[in-house]
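Engineer: The structure's right below; bear with me while I get my questions together.
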Amino acid sequence: MSLDPSAFPRSNSPASSESSLTRFRLQGKEGSLKKDKNYRRYASSVERALSLFDNALQEWADYISFLGRLLKALQSHPPDQPVVPHKVLVSKRLAQCLNPSLPSGVHQKTLEVYTYIFGLIKLEGLSHDLPLYLPGLAPTLTFASLTVRPLFLSLVEGYIVDLEPWAIRPALKAIILALLPGLEEETSDDFEPTLRTFNKLRDAAGKLETQRTSEAGASGQYFWQCLFLASITNPSRRLGVLAYLNRYLPKLGIADRRPSTAGGNDPQNIPPEILAAADSVILPEPGLLIRCVASGLSDDQLLVQRNFLDLLVTHLPLSSPILQNKIAASDLRTLVVAAVGVVTRRDMSLNRRLWAWFLGPDSPNDSSSMDDRKFSSDTTRSASVDGKELTQSQYFSRVGLQPLVAGLLDMIKQAPSAPSERTKPFRIALSLMDRWEIGGYIVPAVFLPTVRSVQSFESTAPENHFEEVFRSAGAFFDGVESGVIFSELLGLVDYRSSDVDGDSDQVLRDLDLAQFIIENFNVREEDMVQIHVPLLTLSVLVKMREISSKESTANKQAVTAALNKVLKSLAALLTERAFSRKIGSEKTAGNDTKGRGTDILKTIHSFYEQSKNSLELPPLPYAPKNLAEMIIREAHELAIAALGNCDGNLPVHEPLDILVTLLKKLPKSRVLRDRKLYEALSQRLSSGKDKPTTASFCVISTISSTVTSLFFIQTPGFYVSYEDACDLITPLVNQLWWYLSPLSPKFHVEAVRCLWLLHSISWIDHLVEASLAALMVNVSTAASRHLSSEQQAERFYVLWNHSHHNTHEQPPKQVLDVGGTLFSYQCSMLERPLFIVLDLLSQESSDSSQSVQLWLQDLPSIHKVFHVVLSNLDELSEPDETSEKKTDNYSISPDDYKECDYLLQTASNIISALSHNGWIALLTHVLGNEKRLETSKSEENTDFKSLHSAIFEASLRIVSTLSPAPAEINLDGERLHKDALQLMRQLLLGPRAEELVESGIDDFLVERLLVSSEGGSIAVQGALIDTLLAALKLSRSAD
């Protein structure tokens, strides 16, 4: 095994003082002795002994042998020359022999050599050579065995402590560090000797200060400074420092009782004995004492933290005049933050000591009941008159509140990126809430900065880091009382009016923070939803009304938008039961519910101020039902004001949406019975006949949605009567119609949605259909029919296409409740405008006719057009009740001949315009069902008829109902007969007509032709012949 001393690790020790200056001074002194023969012989023997260290050290015993040879060489010094030759190398070898890895026998022998050298060179020589020997000797106590410790202590006490003060001063910190391990165990045999040595060092340091200064009571200042520095820079020595501080640190305050309410913190009132003792530990730099304690409170070892807290309680109470007046505010803040940091360890022993320091010693006058919790200024003033001892909460608020709040705010402002550091102030604040005497003051002060820190962290941190921080912030938030939370939220939304123009950025930040809190944190507790959310909703509405009453600017618009976001979040939390509940144990203050906005805000602020000063909830400012009426009243007036502002700066949709949302959430209200909202809506519609723009369309769309929603809230017609709604529908339809122009596609979807919303109100009376038909018909045309224009037809194309490609055609619940169907609901709005468009097909070779043909050819929902035509034909065909047999005979009233003929002509025009895809739809779609017929019919489809067959059978039924006798046919019947036959011929000449002749249609046509040939109409005969030829042609091709 190699015993090379360089291979052994060395413990941390003060740096060596082997500087070039020291070496030069030592070499110069030795140089004058080299001329002496005896000295040269003496130096030579020492050199030979030193050479053994490099060559002969193989085992542990070799070290002892080497030290013995060295000691023997040193003992051979000339009597008149008490010096150590080669002292630099000697000190180095001795230091190497004190390696912790060597056995204690080597250490003992080494200390024996040290003792001889120190005795040889005397105190004078040691004063000069202390920087040479101390670095190697200092770490000994950290590893010394029980047998070595007394030798080391006697060496220090016998030689080093008695050195000249000027020699001790630069090495004092190193000597203190060397002795501190001896103070770590108070029960050890070495404790008292070490303590005695410490006191001698303090006295020696005090002698030097006495020589340098004449200040009274300044003894030991330098010693204390070095001791504090030793604790700050060496965590492993803090137990020893604590042992000494507990015994000899002056008590800097009264730790057994709290000060009286009449007493102050005037520096003139500091007792002289405390001031004199304090000067020794706080001069010239008081910050070292604070940092010594603060570093100890931040130590990793629980025992160290606990002992430093005990030291604070017994020697440095928070009410100490030294802390309150003699040290800088930043130092006190550092100390308080370090002390409060122990709560993150969740150790009851630490927390108990911390509460004792923050709240002062227990007093028999303290009440155990929490009913004494009072923070009001009135309580503080009344107590101060009596001069009694401060209560715990008063004690903390006087001496510890300000530095603790400032320290926590500084921690939050630093905004570290590490989640563990970011959450530290949150966890501290949460733990402080265990004691209401502390948390009651701290939470309101740090609540908003805490949430702001979380908000800012969200935009910069990775998602996993933010989730960790948010969990801690959420735990803190859940521990805060509801009254405190909503009091702070009220402060955020109740900005000063002057700040909107002066400091709008801060107002927006506050509103954004309020939105962040409501959206992300738990504000859904029962008491929050029942009491606080309605009050905050009313406050926001008051602020919105306040800002809407002033001239609009960019800043005000931004603030209004931010308030609207907050209000939407609050509205989502409102419940009807919060306003319908009966007041039990709660009381109300009976405030005026018709007060102005500022009065309302003052009342709500007063409620929250009272809640801070009492454990019990103060009387509610308004009864729940009255509060609901006030909320709706404010929203109602806000909506009316927005409708009355026609300059376009204030958006209309937000106030109206808010009103609708609140009416849905809150109980029934009679605020809208004055019809002021209806009048405002009518006035806004009558003033909005300008050129269509995006802004004007937004107004129209909002009014349409609002009218529909108001009509159906609670029971239909409760907030807006049917008559008032119908009065608004016609002007709304007139304006929406212009936004269906193909030139403005961005409005199409929303305009169609609004039309269907309005139709859901008046579908029974077909009011929207009538309005559309009136808009489409060109009354200036002097023709038998009122025809539409191509532009109006194009608008209808948009309406039809979007109606069948979206979910607007689904009927509302009210339609189904009265027996309506999906088809009847669709037709009640689109049927008449559809026929107006289809009438354009009769204008051959016109642009309008070609436009309709192109639309029909590309129309995916062409089958629905045929459904409309067929449904009207079926309504005209009545079962023949005169027939004795139960057959499928139908009859058509002569009064309906013209209408029936019109429907047949329309169907014929549509078929003439069909494209290939249109014919596929005609052949595959089933009458009365949206399913398609497959080419190979399945069993489930055998009972359904295709549209193709249904139209043919309808035409055949019409022909069958008309009598072939010439005398019984009038002109209308003759025309109907002819047009029905022409439609049948169209179908027979079309694709897949083979299925139509399988029923024997040719025999029926031959029979009808024979009867008609006896004096019938020539036009009808010609139509019969043409139809028969088409049928016979199909029959022959089938054979």
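Numbering-wise, the sequence shown is residues 1 to 1039 according to full-length UniProt numbering.
For every residue, glycine included, the Cβ atom is placed at its ideal position computed from N, Cα and C.
Keep in mind that this is a model prediction, so the values were computed, not measured.
1. Do isoleucine 951 and cysteine 900 count as a contact pair if the criterion is CB distance below 8 Å?
2. For histidine 77, which residues of its own chain have a beta-carbon under 6 Å away from its beta-carbon, when the five flanking residues on both sides are left out?
3. Secondary structure at histidine 86, three-state DSSP: helix, strand or coil?
4. Under 8 Å, do valine 446 and leucine 408 count as touching if we go by C-beta distance?
5. Might you give, ordered along the chain, the residues of its own chain that have their beta carbon closer than 6 Å to the beta carbon of lysine 612, omitting 5 neighbours on each side?
6. Where does proline 655 sit, in a helix, a strand or coil, going by DSSP?
7. Would you say valine 156 and threonine 197 are within 8 Å of each other, going by their C-beta atoms?
8. Which same chain residues, not among the five before or five after glycine 105, have their C-beta less than 7 Å away from its C-beta?
9. So, using beta-carbon positions, are leucine 177 and alanine 138 closer together than 8 Å?
10. If I follow the unbroken alpha helix (DSSP H) through valine 777, where does it start and stop?
11. DSSP state of serine 76, grouped into three classes?
12. Under a three-way DSSP split, which group does serine 417 fall into?
13. For the region 562-576 against the region 534-545, do three or more pairs of beta-carbon atoms, one drawn from each stretch, fall closer than 8 Å, so that the two count as touching?
14. Could you tell me which residues DSSP puts in a beta bridge with leucine 873?
15. Check whether the region 511-529 touches the region 618-636, counting contact only when three or more Cβ pairs, one atom from each stretch, lie closer than 8 Å.
16. Going by other Cβ atoms of all chains shown within 10 Å of its Cβ, with 16 needed for buried, is glutamine 414 buried or exposed?
17. Could you check where the alpha helix (DSSP H) with histidine 605 kicks off and where it finishes?
18. Grouping DSSP H, G and I as helix and E and B as strand, with all else coil, what is valine 342?
19. How would you write the range of the alpha helix (DSSP H) that residue 1040 sits in, first residue to last?
20. Between the alpha carbons of lysine 207 and tryptophan 166, how many angstroms are there, rounded?
21. Please identify the residue among Ala278, Leu404 and Ala329 whose C-alpha is closest to the C-alpha of alanine 338.
22. Measuring CB to CB, does residue 1042 end up less than 8 Å from alanine 639?
23. Rounded to whole angstroms, how far is the Cβ of isoleucine 631 from the Cβ of leucine 541, which I believe are closer than 8 Å?
24. Within its chain, find whatever has a CB closer than 7 Å to the CB of valine 385; leave out the 5 residues flanking it on each side and keep chain order.
25. If you follow the alpha helix (DSSP H) that glutamate 546 is in, where does it begin and where does it stop?
26. How should alanine 635 be labelled, buried or exposed, when 16 other C-beta atoms within 10 angstroms of its C-beta is the threshold for buried?
27. Taking 8 Å as the cut-off, does the region 500-508 touch the region 474-490 (at least 3 CB pairs, one atom from each stretch)?
28. Which residues does DSSP list as the beta-bridge partners of leucine 822?
29. CA-CA distance, valine 313 and lysine 200?
30. Is it buried or exposed, asparagine 522, if we count other Cβ atoms within 10 angstroms and call 16 or more buried?
31. In chain order, what are the residue ranges of uninterrupted alpha helix (DSSP H) at least 4 long that sit wholly in the region 155-227?
32. DSSP state of leucine 573, grouped into three classes?
33. Between which two residues does the alpha helix (DSSP H) holding tyrosine 133 run?
34. If we call anything under 8 Å between Cβ atoms a contact, is tryptophan 355 one with arginine 435?
35. Between which residues of its own chain and aspartate 4 is the CB-CB distance below 7 Å, once the five residues before and five after are set aside?
36. With 16 other CB atoms within 10 Å as the buried threshold, where does aspartate 362 fall?
Structural biologist: Let me lay it out:
1. no
2. Tyr42
3. coil
4. yes
5. none
6. helix
7. yes
8. Ile64
9. yes
10. Here valine 777 belongs to no alpha helix (DSSP H), and DSSP marks it neither H nor E.
11. coil
12. coil
13. yes
14. DSSP output for leucine 873 lists no bridge partner at all.
15. no
16. exposed
17. 597-612
18. helix
19. Residue 1040 cannot be examined here, being either before or after the span of the chain that is shown, 1 to 1039.
20. 10 Å
21. Leu404
22. Within the shown structure, residues of the chain are numbered from 1 to 1039, placing residue 1042 beyond reach of any answer.
23. 6 Å
24. Residue confidence is low: valine 385 scores 40 on pLDDT, short of 50, so the model does not pin down where it sits. Its coordinate-derived value is still stated next. The answer is none, since no qualifying residue turns up.
25. 533-548
26. buried
27. no
28. BP columns for leucine 822 are empty, so no partner.
29. 28 Å
30. exposed
31. 165-168, 172-179 and 191-212
32. coil
33. 104-137
34. yes
35. At aspartate 4 the pLDDT is 44, less than 50, meaning the model places this residue with poor confidence; the figure from the coordinates comes in the next sentence. There are no such residues.
36. exposed
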